[in-house]
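If you read the protein sequences in the order shown, they are chains A and B. All letters in the first sequence, in the order written, are residues 0 to 237 by numbering that gives the first Met the number 0. All letters in the second sequence, in the order written, are residues 0 to 237 by numbering that gives the first Met the number 0. Every residue gets a Cβ at the ideal spot worked out from N, C-alpha and C, and that includes glycine. Scroll down for the structure; my scribbles are underneath it.
Number of protein chains: 2
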Amino acid sequence: MNLADQNLSRIAREPLWDRAHSQLREALLAGRFEPGSALVLRQLAETFGTSITPVRDAVSRLVAQGVLDQGPRNSALVPDLKSSALTDLMVVRTELEGRATREAAMKACAADVDALEVLLADMRRMIEKRRLDTYLDIHRRFHFGIYALAGIPILLEMIENLWLRCGPILSFVVPQYVVSLKGTDHHQAALDAIRLRDGTRAEAEIVADIEEAGAYLLGLADGTGRIRRPHEAPAGAR
Amino acid sequence: MNLADQNLSRIAREPLWDRAHSQLREALLAGRFEPGSALVLRQLAETFGTSITPVRDAVSRLVAQGVLDQGPRNSALVPDLKSSALTDLMVVRTELEGRATREAAMKACAADVDALEVLLADMRRMIEKRRLDTYLDIHRRFHFGIYALAGIPILLEMIENLWLRCGPILSFVVPQYVVSLKGTDHHQAALDAIRLRDGTRAEAEIVADIEEAGAYLLGLADGTGRIRRPHEAPAGAR
DNA sequence: TTGTGTTATTTGTTATAACAAACGACAAGT
DNA sequence: ACTTGTCGTTTGTTATAACAAATAACACAA
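Right, here's the structure in full:
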């Protein structure tokens with residue numbers, strides 16, 4: 000008998016620490032962890048229903064990636080971004096995401112741009128429905144959709160790392176802000192520029208997008224430089 | 000009795016996995032691991048005289064940082080850089096190290112530049128003595144000395160990560176090449192530009208330095224794109 | 001000789017227990 | 001009231017053993 004055409008899919012091997020890592024990543028990116036709070040191994044292990052070994056592995060990786068801070072006694076803390084750290088992150092983000100956008104503009108074909116245009120339409124729909132969480136998710140896919148077009152895996156990886164670092168405060172951008180931004184839609188402008196193969200212009204738009212969001216977040220800082228969640232948006236924190 | 004002025008230094012807490020991590024980092028950066036070879040946990044554990052738990056931790060972190068590749072069965076492999084991966088790395092390096100240099104030029108004071116000038120002199124001495132390993136070490140300190148002046152910790156951290164990724168093939172730059180490069184000393188030129196607060200010029204010089212080294216390494220690629228160690232330089236590999 | 005199933009070995013994964021450092025509560029002394 | 005020492009609890013670290021998946025070696029059959 001012939002084994003082909005059986006529609007059997009490859010069985011993926013995914014260790015426990017890998018799944019724990021993914022879940023923590025996701026939660027961080029969605030802002031479901033309170034900045035400054037500590038991640039306790041035994042506590043997480045109980046939540047996941049595993050021993051501490053795999054969670055220790057996952058947390059350890061996050062710390063190694065700079066996504067989590069290490070507090071006293073090598074405990075893992077959800078980063079509580081200060082203004083200066085945020086400013087620094089923005090510098091690196093504009094540099095890397097700008098470059099990725101420029102490369103993307105040179106390599107993108109019409110179909111690529113069309114696919115992104117769909118995401119853009121979805122984003123507008125989500126804003127109108129005030130669905131902040133799904134908006135943020137599509138927003139992320141839009142950005143990374145552009146960066147993926149650059150075709151430079153390492154660059155993509157590092158940008159992902161930067162977003163993870165911003166994760167805990169990423170959800171602080173409230174719907175009001177997103178809506179008010181509609182006047183100057185850098186996303187649309189960047190996409191238009193990519194379609195026209197204008198790398199410089201596309202880069203400038205993405206950089207402007209990043210810097211506007213950064214400026215907004217910087218405006219949330221209190222006296223000590225801590226970026227604080229705006230009170231009008233609980234955002235399902237935990 | 001007064002506790003001050005007892006000349007007691009702070010007792011550093013350094014877990015086993017941390018020391019293992021440091022040692023592996025160092026070895027990678029010095030090119031003491033053969034590209035493509037596998038790091039075996041129990042083997043390393045025996046070398047370090049510990050159980051596999053701390054080495055697993057250390058290796059796991061290195062993989063999370065992208066410094067080690069993960070092969071089949073989640074084993075850790077010393078990356079065997081292909082031409083394309085090297086090209087990509089160079090893109091990110093020029094972007095990040097270029098920006099860091101520009102920032103450094105704006106913030107450096109005379110004393111900072113003088114300190115770097117000393118390292119530059121040391122480098123020349125090491126070239127003449129054909130002490131490749133110490134040359135590479137000082138060379139690294141010179142570069143990071145510049146980048147540290149930018150005063151952006153996150154940027155520094157990411158650049159360090161990029162160097163770690165290049166680590167295994169970094170020692171492939173043979174003395175002959177380094178010497179032949181003396182005609183166009185980008186290091187000196189960059190430092191001069193920094194002293195003159197010419198950020199644009201300094202950035203260009205550092206970028207040129209990176210790209211020249213990159214082009215040299217790219218020239219070592221064989222038919223499959225693998226970067227191979229030049230036969231005339233065993234470089235104490237193991 | 002070639003292909004195939006079996007077995008032994010290697011090697012990463014996970015759970016568990018013992019351990020040690022840090023932290024907090026609390027009581028005693030000043 | 002404030003400090004200080006002690007004890008119990010919390011929590012990360014390490015070693016160890018059992019486990020499971022992959023690989024290699026090998027024997028047997030076509």
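In the DSSP output, what is Asp68/B paired with across the bridge?
Within the second sequence, numbered from 1, the residue matching residue 68/B stands at position 69. Asp68/B pairs with Leu76/B.
Run down chain A in chain order and give the residues with a C-beta less than 9 Å from the C-beta of Arg213/B.
As a first step, residue 213/B is located in the second sequence; it is residue number 214 there, counting from the start. The residue you asked about is not Arg; residue 213/B is Gly in the sequence shown. Correct list: empty, because the minimum Cβ distance to chain A is about 14 Å.
Going by CA-CA distance only, name the one from Arg72/A, Gly48/A, Ala84/A that's closest to Gly65/A.
Taking the first residue of the first sequence as position 1, residue 65/A is located at position 66. Gly65/A has its Cα closest to that of Ala84/A, out of Arg72/A, Gly48/A, Ala84/A.
Extent of the continuous alpha helix (DSSP H) to which Ala26/A belongs:
Position 27 of the first sequence, counting from 1, holds the residue named residue 26/A. Looking at the DSSP string, the run of the alpha helix (DSSP H) that includes Ala26/A is 15-28.
Thinking C-beta only, is Glu96/A closer than 9 Å to Ile205/A?
Here residue 205/A refers to the residue found at position 206 when the first sequence is read from its first residue. Here residue 96/A refers to the residue found at position 97 when the first sequence is read from its first residue. Yes; because the gap between Cβ atoms is below 9 Å, this pair is in contact.
Less than 8 Å between the CB atoms is what I'm expecting for Arg60/A and Ser59/B, so what's the real figure, rounded?
Here residue 60/A refers to the residue found at position 61 of the first sequence. Here residue 59/B refers to the residue found at position 60 of the second sequence. Right, the Cβ-Cβ distance comes to about 6 Å (below 8 Å), so this counts as a contact.
So Gln42/A contacts chain B; which residues on that side make the cut at Cβ distance below 8 Å?
Walking along the first sequence from the start, residue 42/A turns up at place 43. Ordered by position in chain B, no residue passes the 8 Å Cβ test against Gln42/A, which lies about 20 Å from the chain.
For the candidate residues Phe141/B, Pro229/B, Ala220/B, whose alpha-carbon lies nearest to that of Phe171/B?
The residue labelled residue 171/B in the question sits at position 172 within the second sequence. It is Pro229/B.
With distances taken between CB atoms, is the gap from Ile51/A to Leu38/A smaller than 9 Å?
Stepping through the first sequence from its first residue, residue 51/A is reached at position 52. Stepping through the first sequence from its first residue, residue 38/A is reached at position 39. No, the Cβ-Cβ distance between Ile51/A and Leu38/A is not below 9 Å.
Interface residues of chain B facing Gln64/A [CB-CB closer than 8 Å]:
Along the first sequence, one-based indexing puts residue 64/A at 65. What Gln64/A touches in chain B: Ala63, Gln64.
Helix, strand or coil: which one does DSSP assign to Leu38/A?
In the first sequence, the residue the question calls residue 38/A occupies position 39. If DSSP states are grouped into helix, strand and coil, Leu38/A belongs with the strands.
Since Arg225/A sits in a beta bridge, which residues does DSSP pair it with?
What you label residue 225/A is simply residue 226 of the first sequence in a count that begins at 1. Lys81/A.
Quick one: which chain A residues come within Cβ less than 8 Å of Glu202/B?
The residue given as residue 202/B occupies position 203 in the second sequence. Chain A residues near Glu202/B: none, gap ~12 Å exceeds 8 Å.
Report yes or no: is there a C-beta of chain B within less than 9 Å of the C-beta of Ile153/A?
Taking the first sequence and counting its residues from 1, one reaches residue 153/A at position 154. Closer than 9 Å to the CB of Ile153/A there is at least one CB belonging to chain B.
For Lys106/A and His142/A, what's the separation of their Cα atoms in angstroms?
On the first sequence, residue 106/A is found 107 positions in, with the first residue counted as 1. On the first sequence, residue 142/A is found 143 positions in, with the first residue counted as 1. One Cα belongs to Lys106/A, the other to His142/A, and the distance between them is close to 16 Å.
Chain A within 9 Å of Asp68/B, Cβ atoms only:
Stepping through the second sequence from its first residue, residue 68/B is reached at position 69. It does not: the Cβ of Asp68/B has no partner Cβ on chain A nearer than 9 Å.
Could you check whether the Cβ of Met157/A sits closer than 9 Å to any Cβ belonging to chain B?
By 1-based counting over the first sequence, the position of residue 157/A is 158. It does; some Cβ of chain B falls within 9 Å.
Indicate whether Ile151/A and Ala99/A have their beta-carbon atoms separated by less than 9 Å.
If you number the first sequence from 1, residue 151/A lands on position 152. If you number the first sequence from 1, residue 99/A lands on position 100. In this structure, Ala99/A lies closer than 9 Å to Ile151/A by Cβ.
Let me check understanding here. Comparing Cα to Cα, which of Pro14/B, Val173/B, Arg24/B, Ala104/B lies closest to Arg129/B?
The residue given as residue 129/B occupies position 130 in the second sequence. Residue Val173/B is the option with its Cα nearest to Arg129/B.
Neighbour-count burial assignment, Glu156/B, 16 or more Cβ in a 10 Å radius:
The count along the second sequence starts at 1 and reaches residue 156/B at position 157. It counts as exposed.
Identified DSSP bridge partners for Ala220/A:
Translated into positions along the first sequence, residue 220/A becomes position 221. For Ala220/A, which the question treats as bridged, DSSP gives the partners Ile226/A.
When you compare the segment 120-136 of chain A with the segment 203-223 of chain A, are there three or more beta-carbon pairs, one atom per stretch, that lie closer than 8 Å?
No, they do not touch.
Helix, strand or coil at Ala189/A [DSSP, three-state]:
Translated into the one-based positions of the first sequence, residue 189/A becomes position 190. It is helical.
Put Gly213/B into one of helix, strand or coil per three-state DSSP.
One-based indexing of the second sequence puts residue 213/B at position 214. Gly213/B: helix per DSSP, three-state reduction.
Determine the closest residue to Thr93/A out of Ile153/A, Ile10/A, Ala188/A, Leu161/A, with distance taken between C-alpha atoms.
Residue 93/A sits at position 94 when you count from the first residue of the first sequence. Residue Leu161/A is the option with its Cα nearest to Thr93/A.
Quick one: is Leu95/A near chain B, going by C-beta distance under 9 Å?
Counted from its first residue, the first sequence places residue 95/A at position 96. So, interface residue.
Given Gly198/B, which residues of its chain have a CB within under 7 Å of its CB, disregarding the five upstream and five downstream residues?
Numbered from its first residue, the second sequence carries residue 198/B at position 199. Taken in chain order, the residues that qualify are Arg101, Ala104, Met105.
Lys128/B in three-state terms, based on DSSP:
As a first step, residue 128/B must be located in the second sequence, where it is residue number 129. Looking at Lys128/B - three-state DSSP - the assignment turns out to be coil, as it is neither helix nor strand.
Is Met0/A helix, strand or coil when you go by DSSP?
Locating residue 0/A in the first sequence gives position 1, where the first residue counts as 1. Any reading at Met0/A must be qualified, since the residue scores a pLDDT of 46, below 50, and its modelled position is unreliable; no value is offered.
Could you give the DSSP three-state label for Ile153/A: helix, strand or coil?
Position 154 of the first sequence holds residue 153/A. The answer is helix: DSSP assigns Ile153/A an H, G or I state.
Would you list, in chain order, the members of the segment 43-61 of chain A that have their beta-carbon closer than 7 Å to a beta-carbon of chain B?
Result list: Asp56, Ser59, Arg60.
How do the segment 68-84 of chain B and the segment 69-76 of chain A stand: do at least 3 beta-carbon pairs fall below 8 Å, yes or no?
In short, these stretches do not touch, since the Cβ pair count stays below three.
Where does Phe143/B sit, in a helix, a strand or coil, going by DSSP?
Looking up residue 143/B in the second sequence gives position 144. Helix.
I'd like to check one pair, Asp79/B with Pro34/B: are the Cβ atoms closer than 9 Å?
Numbered from 1 along the second sequence, position 35 holds the residue referred to as residue 34/B. Numbered from 1 along the second sequence, position 80 holds the residue referred to as residue 79/B. Yes.
Between Val206/A and chain B, is there a C-beta pair that is closer than 9 Å?
For the purposes of this step, residue 206/A is taken as residue 207 along the first sequence, with counting starting at 1. Cβ-Cβ to chain B under 9 Å: no for Val206/A.
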